[in-house]
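Below, the structure written as structure tokens:
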């Protein structure tokens, strides 16, 4: 996914790496603070609006990648994912993880494994 694709998108990693390479500790600190504040603000919005239809959400669902990663949102250069168990298209009412009924537990476990793999 393109980190700058969303409106107001930023490349947080680029800013972080530049500050790190130049040993600009004040800039590094400020980028970190800005990222945490931005992620916290929009993370709360995504969570609070998760039950709303897409047309009423402040942060719209972004159709990036497949279904298994959950519902994805990209805002200000940050991708948020909400783990869920989607209904598979053309499956006769089957869910990706829970088969006959959605399994939020298995969806959360899958998301956990994805995070572990991304951090190695």
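In this note's numbering, the protein residues as written are 15 to 134.
Cβ coordinates follow ideal geometry from the N, Cα and C atoms, glycine included.
Being a predicted model, the structure only gives us computed values, none of them experimental.
If you draw a straight line from the alpha carbon of residue i to that of residue j, how long is it in whole angstroms?
i	j	result
residue 111	residue 104	15 Å
residue 62	residue 93	16 Å
residue 31	residue 83	27 Å
residue 99	residue 46	32 Å
residue 79	residue 85	10 Å
residue 75	residue 68	7 Å
residue 113	residue 43	46 Å
Just to confirm the assignment, what range does the beta strand (DSSP E) spanning residue i have?
i	result
residue 95	92-96
residue 89	85-89
Who are the near neighbours of residue i in its chain, counting only those whose CB is closer than 8 Å to its CB and skipping five residues on each side?
i	result
residue 117	99, 109 and 111
Under 8 Å, do residue i and residue j count as touching if we go by C-beta distance?
i	j	result
residue 87	residue 50	no
residue 53	residue 41	no
residue 91	residue 25	yes
Span of the alpha helix (DSSP H) holding residue i?
i	result
residue 56	39-62
residue 27	26-35
residue 117	Element bounds for residue 117: n/a, residue is neither H nor E.
Suppose the cutoff is 6 Å on Cβ atoms and the five residues either side in sequence are ignored; what does the same chain contact list for residue i look like?
i	result
residue 55	none
Ignore the nearest five residues each way along the sequence and tell me which others in residue i's own chain have a CB closer than 7 Å to its CB.
i	result
residue 115	109
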